[in-house]
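To keep things clear, I will list the structure first and then write my remarks on it.
Numbering (the numbering used here), first residue to last: 94 to 301.
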C-alpha cells in the first residue's frame, strides 16, 4: 500500500495551551485504520498536516472526537477529528460548539470534495452541503450553513456507473499521491490564516 501521508515518527510537542478555545478547526473522516488514506478521509489528512505544522498531537478524547487545543498566532484553537463516522459528524461538531459557545462562523470544516480534481483546494465562507454527508450532518444538527470550509479535491468517479460509496472509500493511486500530499499541506497553511481571521488572504493564496 502506498501511504499518501507519512506520519512523523516523533513530534516536537507544542506547549500546553490553556483557556477557552476561540475557534474550531474540524477535519472530517472515518475512524479505524482501514479508512486511512481513503478519499473520504481528506479532512483527517489535513488535520494530520496541521498537527505536524504546529507540533501538536491530536490525541485527547472529548466531544466524541480526538482533539487538542493549540495557539495559532494569538488565537486559541481547538483541533477536532470526529470519531463518529462521517455521516454523524454533526454530533461531535455541535457538541464542541455548544460547550464553547462558538458560532458557525468560528468553525472551519475541512472536507473532501469529489467535484474537484485531485489536489485542488477551494475555500468557501459558507454554503450548502453539496452532497457531502458529513457536512450535511453538521448543517442539519446546527441549523446553519454559515460554516467556512476548505474543500480538498479527491476526484470524481471514473465513470457514472461507479458506486459512489466505493469510490470515496477507495485509496489514492501512486500517481495521485504527490498532489494530495501538497494539497493537505496547503490546506493546513490556509486553515492557520482562516483561524486568525484572514479568510480573504487564504482564498487568494490557496483556493485554486
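Even for Gly, the Cβ is constructed at its ideal location relative to N, Cα and C.
Remember, predicted model here, so these are calculated numbers, not experimental data.
(1) Grouping DSSP H, G and I as helix and E and B as strand, with all else coil, what is residue 221?
(2) Any idea which residues DSSP pairs residue 174 with across the strands?
(3) Quick one: what's got a C-beta closer than 8 Å to residue 157's C-beta in the same chain, skipping five residues either side?
(4) Exposed or buried, what is residue 171 when buried is set at 16 or more other beta-carbons lying within 10 Å of its beta-carbon?
(5) Output yes or no for whether 8 Å exceeds the beta carbon distance between residue 292 and residue 215.
(6) Note down, in chain order, each residue of its chain lying with its Cβ closer than 8 Å to the Cβ of residue 152, except the 5 sequence neighbours on either side.
(7) Can you name the start and end residues of the alpha helix (DSSP H) that residue 144 belongs to?
(8) Leaving out the 5 sequence neighbours to the left and right, which residues in its chain are closer than 8 Å to residue 101 when beta-carbon positions are compared?
(9) With the cut-off set at 8 Å, would you say residue 182 and residue 243 are in Cβ contact?
(10) By how many angstroms is the C-alpha of residue 201 removed from the C-alpha of residue 283?
(11) Comparing alpha-carbon positions, which option in 110, 130, 119 and 139 lies nearest residue 260?
(12) Per the DSSP calculation, residue 215 is bridged to which residue(s)?
Based on what the coordinates show:
(1) DSSP, read as helix, strand or coil, puts residue 221 in coil.
(2) Note: residue 174 sits in a beta bridge opposite 159.
(3) These residues qualify, in order along the chain: 175, 176, 177, 184, 185 and 188.
(4) Around the Cβ of residue 171, a 10 Å sphere holds 16 or more other Cβ atoms; the residue is buried.
(5) For residue 292 and residue 215, no; Cβs fall outside 8 Å.
(6) Hits under 8 Å: 159 and 161.
(7) Looking at the DSSP string, the run of the alpha helix (DSSP H) that includes residue 144 is 135 to 147.
(8) Per-residue confidence for residue 101 stands at a pLDDT of 41, beneath the threshold of 50, marking its modelled position as unreliable; the derived number appears in the next sentence. Only residues of its own chain outside the window of five on either side were considered, and among them 145 have a CB closer than 8 Å to the CB of residue 101, listed in chain order.
(9) Not closer than 8 Å, so no.
(10) Cα-Cα distance, rounded: 11 Å.
(11) With respect to the C-alpha of residue 260, the residue from 110, 130, 119 and 139 having the closest C-alpha is 130.
(12) DSSP, once it has assigned bridges, lists 244 as partnering residue 215.
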